[in-house]
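Residues 11 to 280 in this note's numbering are what the sequence shown lists, from first letter to last.
Glycine is no exception: its CB is placed at the ideal position from the N, C-alpha and C atoms.
Keep in mind it's a predicted model, so treat the numbers as computed, not measured.
Let me begin by presenting the structure, written as C-alpha cells, before commenting on it.
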Amino acid sequence: MKRSSSALPTPTFLTRWLSGFGRASILTLDHAGAIGVLTAGIVSALFRGRVRMKDVLRQTYIMGVQSLPIVFVTASLAGIVTSQQGGYQLASTSPAYLLGTLVVQSVVLELGPLLTAIVLVGRIGARITAELGTMVVSEQIDAFEALGRDPVAILGAPRVIAGVLTMPLLVGFADVIGVAAGMVAANLSTGLGFEAFLYGARLFWHSWDLFYGFSKSVVFGLIIPIISVHMGLRTKGGAAGVGLVTTQAVMFMILALLIIDAMFPPLLLQ
Numbered sequence: 011m012k013r014s015s016s017a018l019p020t021p022t023f024l025t026r027w028l029s030g031f032g033r034a035s036i037l038t039l040d041h042a043g044a045i046g047v048l049t050a051g052i053v054s055a056l057f058r059g060r061v062r063m064k065d066v067l068r069q070t071y072i073m074g075v076q077s078l079p080i081v082f083v084t085a086s087l088a089g090i091v092t093s094q095q096g097g098y099q100l101a102s103t104s105p106a107y108l109l110g111t112l113v114v115q116s117v118v119l120e121l122g123p124l125l126t127a128i129v130l131v132g133r134i135g136a137r138i139t140a141e142l143g144t145m146v147v148s149e150q151i152d153a154f155e156a157l158g159r160d161p162v163a164i165l166g167a168p169r170v171i172a173g174v175l176t177m178p179l180l181v182g183f184a185d186v187i188g189v190a191a192g193m194v195a196a197n198l199s200t201g202l203g204f205e206a207f208l209y210g211a212r213l214f215w216h217s218w219d220l221f222y223g224f225s226k227s228v229v230f231g232l233i234i235p236i237i238s239v240h241m242g243l244r245t246k247g248g249a250a251g252v253g254l255v256t257t258q259a260v261m262f263m264i265l266a267l268l269i270i271d272a273m274f275p276p277l278l279l280q
C-alpha cells in the first residue's frame, strides 16, 4: 500500500522553538498582568484605609527583626571575603589604602543590597508563598471572599508595605556590618590600619552611592513580597502544588532581582 500524501509534516526545530517561545511569552504576560492587578489592589486598599497597622507591624517584625542575625552573618562574610580578595589583587600593585575604597564601594553599591535581598528571598519570600498557598488549597481564601473580605488587603498589602519599609533598614545594617568586617579583615590579613582604610574609603566616596544602594533596597523590598504574594494566591493542587509554587516563586524572585540589579547601573550610574 502507498503512504498517504496528506500525512502531516514533522515539526522542524524552528517550529518547536517558536511554539515554546510563544507559550513562554503568554505565560510571562499572564504573570505580568496578574502582578499589575495585584499591585493596583494593594495601592487601592492602602489609600482606602483597609490595611491594618497591626498587621503591618507584625510583618515588619517578622521580616526585619527576625532577619537581623542571618543578615549580619551574610554581610560580615561578604565584607571579609571582599577584603581578603581585594588585598590579594592589590598587593604590590596599588597603594594599600585603595582596599578601603574597594570594600566600601563593593558593599554599598552591590553586595549589601543584593545579598540581603537574596537572603530575604529564602527566608521571607518562600515563607509568604507557602503560607498563602496553604491558605488557598485549604480554602481559607475562599472563606475570606465568602465573608466579603478582601484577601489582598488582609494578607497581601501588609506584607508588601512591610517589605518596602524593612528592606532599606536591613541594607543599612548590612552596609555597616560589611564595611566594619572588611576593615577588621584588612587589618588582620594585610596590616592596613583603620585610619588608612577610612582614608581610602573617603577618597572616592560619593553621596550618590548611598542613594543608589538604598534605591536598590526599596525596589527589592517591593519585588520580593509582590512576587511571593502573587505566586501564593495562584497555588493549585494541594500540598504538592504548594511545594511546586514555592520553588517557582524562589526562582522567579531571584531572576527578577538579578535582572533589576543589572538595570540599575545604566540607569543611575551613568
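For residue 98, the secondary structure class from DSSP, reduced to helix, strand or coil, is helix.
When the beta-carbon positions are compared, residue 196 and residue 207 come within less than 7 Å of each other. For residue 41, the enclosing alpha helix (DSSP H) begins and ends at 23 to 57.
The C-beta distance from residue 264 to residue 118 rounds to 22 Å, too long to meet the 8 Å contact threshold. In this structure, residue 234 lies away from residue 85, with their beta-carbon atoms at least 7 Å apart.
Comparing C-alpha distances from residue 253 to each of 36, 56, 144 shows the shortest one belongs to 144. For residue 199, the enclosing alpha helix (DSSP H) covers residues 167 to 200. Residue 106 has its alpha-carbon roughly 32 Å from the corresponding atom of residue 273. Here the C-alpha atom of residue 219 lies approximately 25 Å from the C-alpha atom of residue 98. Taking a contact as a CB-CB distance under 8 Å, the pair residue 228 and residue 168 does not count as one, their CB atoms being some 17 Å apart. In terms of Cα proximity to residue 262, the closest of 236, 276, 141, 182 is 236. Here the C-alpha atom of residue 257 lies approximately 8 Å from the C-alpha atom of residue 136. Between residue 211 and residue 110, the C-beta gap is smaller than 7 Å, which places the two residues in contact. Of 149, 175, 180, the smallest CA-CA separation from residue 248 is found for 149. DSSP places residue 245 outside both helix and strand once states are collapsed to three, so it counts as coil. The beta carbon of residue 185 sits closer than 8 Å to the beta carbons of 85, 117, 118, 122, 223 from its chain, once the five residues preceding and following it are set aside; these are given in chain order. CA-CA distance, residue 181 to residue 40, rounds to 32 Å. Closest option to residue 146, judged by alpha-carbon separation, among 271, 87, 161, 216: 161. Following the DSSP letters along the chain, one finds residue 207 inside the alpha helix (DSSP H) bounded by residues 204 to 213. For the 7 Å CB-CB criterion, residue 271 and residue 124 form a contact. With contacts defined as CB atoms closer than 7 Å, residue 240 and residue 45 qualify as a contacting pair.
In this structure, residue 114 sits away from residue 61, with a CB-CB distance that is not shorter than 7 Å. Around the beta carbon of residue 238, 16 or more other beta carbons lie within 10 angstroms, which makes this residue buried. Secondary structure of residue 62 (DSSP, three-state): coil.
Note on residue 63: under 16 other CB atoms within 10 angstroms of its CB, so exposed under the neighbour-count rule.
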